[in-house]
Every structure is written in C-alpha cells, then in structure tokens.
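Enquirer: Chains as they are written, first to last, in my numbering: chain A, 935 to 1207; chain B, 9 to 238.
Glycine is no exception: its CB is placed at the ideal position from the N, C-alpha and C atoms.
1. So that I know if they touch, is there some Cβ in chain B lying closer than 8 Å to that of residue 1143 of chain A?
2. Spatial neighbours of residue 159 of chain B within its chain, please: CB distance less than 8 Å, with the 5 preceding and 5 following residues excluded, ordered by chain position.
3. Go through the region 975 to 1022 of chain A residue by residue and report every complete run of the alpha helix (DSSP H) that reaches 4 residues or more, in order.
4. Anything in the region 1139 to 1167 of chain A with a Cβ closer than 8 Å to a Cβ of chain B? List those residues in chain order, please.
5. Whose CA, out of B/183, B/155, B/164, lies closest to the CA of residue 211 of chain B?
6. Is the CB-CB distance between residue 1183 of chain A and residue 1171 of chain A below 8 Å?
7. Suppose you measure from the CA of residue 72 of chain B to the CA of residue 31 of chain B; what does that come to, to the nearest Å?
8. Would you kindly work out how many angstroms separate the C-alpha atoms of residue 23 of chain B and residue 963 of chain A, rounded to a whole number?
9. Can the beta-carbon of residue 70 of chain B be found closer than 8 Å to that of residue 57 of chain B?
10. For the putative contact between residue 76 of chain B and residue 984 of chain A, defined by C-beta atoms under 8 Å, what is the C-beta separation to the nearest angstrom?
11. If I measure Cβ to Cβ from residue 18 of chain B and keep anything under 7 Å in the same chain, skipping five residues before and after, which residues do I get?
12. Would you say residue 968 of chain A and residue 62 of chain B are within 8 Å of each other, going by their C-beta atoms?
13. Using a cut-off of 9 Å between C-beta atoms, extract the partners of residue 150 of chain B located in chain A.
14. Short check: CB of residue 46 of chain B to CB of residue 1015 of chain A, under 8 Å?
15. Taking 7 Å as the line, does the beta carbon of residue 1195 of chain A fall inside it for any heavy atom of the ligand MG?
16. Between the region 183 to 210 of chain B and chain A, which residues of the former have CB atoms less than 8 Å from a CB of the latter, in chain order?
17. Would residue 52 of chain B be called buried (16 or more neighbouring beta carbons within 10 Å of its own) or exposed?
18. Using a beta-carbon distance below 8 Å, is residue 1003 of chain A in contact with chain B?
19. Going by C-alpha to C-alpha distance, which of A/1028, A/974, A/1009 sits closest to residue 88 of chain B?
20. Identify, in the order they occur along the chain, each residue of the same chain with its Cβ nearer than 8 Å to the Cβ of residue 1164 of chain A, setting aside the five sequence neighbours on each side.
21. Determine, using beta carbons only, whether residue 163 of chain B comes closer than 8 Å to chain A.
22. Restricting to Cα atoms, I'd like to know which of A/1194, A/1188, A/1202 is closest to residue 107 of chain B.
23. Exposed or buried, residue 94 of chain B, counting other C-beta atoms within 10 Å across all chains shown (16 or more means buried)?
24. Residue 994 of chain A touches chain B at which residues, Cβ-Cβ below 9 Å?
25. Distance, Cα to Cα, residue 944 of chain A vs residue 1007 of chain A?
26. Give me the Cα-Cα distance between residue 180 of chain B and residue 194 of chain B, rounded to the nearest whole angstrom.
27. Residue 1013 of chain A CB to nearest chain B CB: under 8 Å?
28. Counting only beta-carbon separations shorter than 8 Å, does residue 117 of chain B have a partner in chain A?
29. Which two residues bound the contiguous alpha helix (DSSP H) that contains residue 941 of chain A?
30. So, for residue 961 of chain A: in the same chain, excluding its five sequence neighbours on each side, which residues have a beta-carbon less than 8 Å away from its beta-carbon?
31. Give me the Cα-Cα distance between residue 946 of chain A and residue 1159 of chain A, rounded to the nearest whole angstrom.
32. Name the one or two DSSP bridge partners that residue 919 of chain A has.
33. Return yes when the Cβ of residue 1202 of chain A is within less than 8 Å of the Cβ of residue 1064 of chain A, no when it is not.
34. In the structure shown, what three-state DSSP assignment does residue 1131 of chain A receive?
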C-alpha cells in the first residue's frame, strides 16, 4: 500500500526548515546566490540561503546554472552561435547605442591593433580621438541649435487648419483606398495622425516605427498613451516626413519585453499641395 | 568533467571576455568587440533561458536583453566577481523580471495553464484515490511518525543531503553545489543516513530504504565514484 519514496518525502517535508515559498518571502537575489556560490556570504546569511535552496527548485536551478556556466564548457553546447542571431542582438545594441549610449558603439569594426603598445602612444591617440569627437560634437550642436531656432520660430504661431488624419490598420477609416493620401499645404509644419489599433488589448507601453517606402526607418520611439477613445495621437513635423509613402507600425509593449506585440500597420502617402 | 583542458578553455573564455570589457570601458571598443563577446557567450545565455522553457522567440528576446544589460552596465563592472558571475547576475535579473511579468499575466487570466496541469477542465472527471481503511490509516500514520522521528535524529547536514536527494531528486554533484560539499562527502552522508535509518527502522520497514533512496543510491553504496544518475 505504501510508496516508500513518497512516504520518505512526506516525512522529510515535515522536518525541513520552514522557510516558506509563498509570495512575500523573497528569493535570494542574484547577487546573494552568486555570493553564496563563491562562499562569500556571512554564515548567518549563507544558512538562510541554504534553507531556501532546500525547498526552492527555481533558485537551486539558478545556482546550478552558475556552477555550469563557470565549470562546464558544454553549457549551451559547443556549436558556434548562429550568425543571424548574433546580428539580431547587434541590431538591438545599435538601436540602444543610438538612443542613449553609455559607450560609443561605432558601426564599423576598428582595425586590429597590436596587443602590446607603448602606453604614451595609446594615450596620445586617445586624446586626439577625444579632441576630434569634441570638435565634431560642438560643430553639430551649433548647426542643430541654429536649425532649432528656425523651427521654433515656425511653431511659435498657430498652425491654422492643421489636418488630422484618422488611420485604421491597412488604410483610413474614411475611405477604403490604400494607401491614404494626405495633401498638405506647403507652409504647414505639423499635422496629426490618429492611429486606431487593430486590437483593444492594453499594454503598459506603446511604441511606433515610421518607415519610408524604400528609405528605411525614419523614426521609432515610445511614450505613446492610449486616449479615452482607445486610439493614439501622433503629431508629425513635416521635416520628418517629407513627400512620399510611409508605413507606421504600432506596437504594444508588454512589461519587460524587448519585442512588442504588433497592434496595427498604417499606410499613407504625403503630397504637397 | 573539470579536467585541466576544460579549466583552461573556461579560463581563456573568461580572460577574453575581460579583455573585451576593458576595451568597451576604455571607449576603444568597436562592434567587432561585441561580436566577439557574443560569440563567446551567446550560446550559454540562450541555453540559460531555453532550459527554463521559454519559446525560441522569447529566448532571443531575453538573450538580447541580457547583452543589452551588459552593454548598459559595463561601465559599472569592476571585475571583482568575474565576468561569468556578472553575466549570470544580469541573466538572472532578466529572467526574474520576465518571470514576475509572466506571473502577473497569469493572475490576470491572460495565460492558460499548460496541458498536463493537475487541475481538471470544467466537466472533466477527477480521479480520486480510495480512502484507506481506518486501521490501515492508523498504521500508516504510526509509520510516518517513526520515520519522521528518526530523520530528525540525523545530523543536520546529513538530513539536508537526504532531503536534496530524496525530496528534490538532485544528483550527488548538484547536492554538493547546494550544500557546498564535495561529491564524495555527499555520498558518504547519504550512505550513513541510509545505514542509520535501516538500523533503527529495519524492524518496521524491512527493505523499505532501497526503494526510498532510489536505485542510483545502490551504486554509490557499492563504492562507485561515477556519477550514475545523469
């Protein structure tokens, strides 16, 4: 009638330390797990982590993975990483570098350098590179400020009769023609698009990507908020989207995910009157 | 497993990673530097997520997020803990962030349980074990009490090894990692635990402990030094 292994498990369960795994009883942090692995925790902390590990399968698996990462070259296989996937990660890094770069990530590879170089030569080269970068940055900044002055001047007065285009995925609400054509006066500086998502599903964040036909992505970014009508307003300056055909892709961003859920693809064409 | 060649390979990888990190920190890194780093660690990081049951698409996302974490946090890396440990911390944080998000999504009912869940679908019949007869039940309770008392008498470390072996089904080597003991010490603890329980309870339990400890344990008792329970 008895299953010895099960009976033994039940007996052990009743004598194991009561660490509790319910929500609210924190798992050791990744730092604590790593420190426990390396024997760097004070005895009382190490005992607490070990008590937790006795019952927590998840944390045990993490600890064993750290051990494998540091001690088993077969962890993850011996095959080289797929080139396409490496490229995908690098694309993400480039995008990150473009947004907020803590360290520059030049698009092209630096030429190979000898492993041993005189320290002074390296420093001089580094200083020259820094000076050149500063010069370029100052020049670019001046041009940008000059351009901004003109733009602010244009935006300092009302944009009379600025059009609003109500877009649904694939085309416009008002007409079935595809793509929707937006004819704008020459002096108009800004116009507004209303993006109606294909799905009513809500996400913690949203972003859009604007792609010019045959010209790549002209802008992408987040910070959109759904309005009371379940749609999104996007004001676009003409300088960003000159005449041409465009596709806007709207994504819902689940928390903690790099990749968003597509919510709609909007095609339109801009022409100057 | 951890032969000198293996150790050398891992040490080379870690040294190469540190060299790349130093390049990035000094601002002399190029995309090629990151490509080399990805070449060294893409597969282990991807495997870290894949073995946790994420889809291929999610694994790519999470792997990318881990390397983004390296990129954005690289200036703060001081090298005190080694690159592998730092990478582990970032990957674990990425995993836990996703895990919390997944849990939250489950709470809102956005995910459905996987097939094979213990819960029955609506209208499905749930098989129920027949209740034991009262006398049988009392005997069972008595056996459990005796067993529990004897387990409690075992030294703490021995009892913990026993728990990880029987309760958690870990291998000797894995128990060693959790307990911070050598594999040989783990085997010795388990051998002693079984001997003590057999001596104290053999009268009541007969050949109970062979099955309770599992077949793998038999090999260890006979003195094999091989890890047989892979």
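Expert: In brief:
1. no
2. 167, 170, 205
3. 977 to 989, 991 to 1005
4. Listed in chain order, the positions of the region 1139 to 1167 of chain A with a beta carbon within less than 8 Å of a beta carbon of chain B would be empty, since no residue qualifies.
5. Checked all of B/183, B/155, B/164; the closest Cα to residue 211 of chain B is B/155.
6. no
7. 20 Å
8. 26 Å
9. Yes. Within cutoff.
10. Actually they do not touch by this definition, with Cβ atoms about 33 Å apart.
11. In the same chain as residue 18 of chain B, and ignoring 5 residues on each side of it, no C-beta atom comes closer than 7 Å to its own.
12. no
13. Within chain A, no residue comes near residue 150 of chain B; the closest Cβ sits about 12 Å away, beyond 9 Å.
14. yes
15. In the structure shown, the ligand MG is absent, as is every other ligand, since no ligand is present at all.
16. 185, 186, 187, 188
17. buried
18. yes
19. A/974
20. 1130, 1131, 1134
21. Residue-level contact by beta carbon fails for residue 163 of chain B and chain A, as no gap is shorter than 8 Å.
22. A/1188
23. Residue 94 of chain B is buried by the Cβ-count criterion.
24. 172, 176, 178, 182, 185, 186
25. 37 Å
26. 6 Å
27. yes
28. Its pLDDT being 44, under 50, residue 117 of chain B is placed unreliably in this model, and the value from its coordinates should be taken loosely. No - not a single Cβ of chain A is within 8 Å of the one on residue 117 of chain B.
29. Note, residue 941 of chain A: alpha helix (DSSP H), 938 to 949.
30. 986, 990, 992, 993
31. Approximately 53 Å, taken between the alpha carbons.
32. Since the first and last residues shown for chain A are 935 and 1207, residue 919 of chain A lies out of range.
33. no
34. coil
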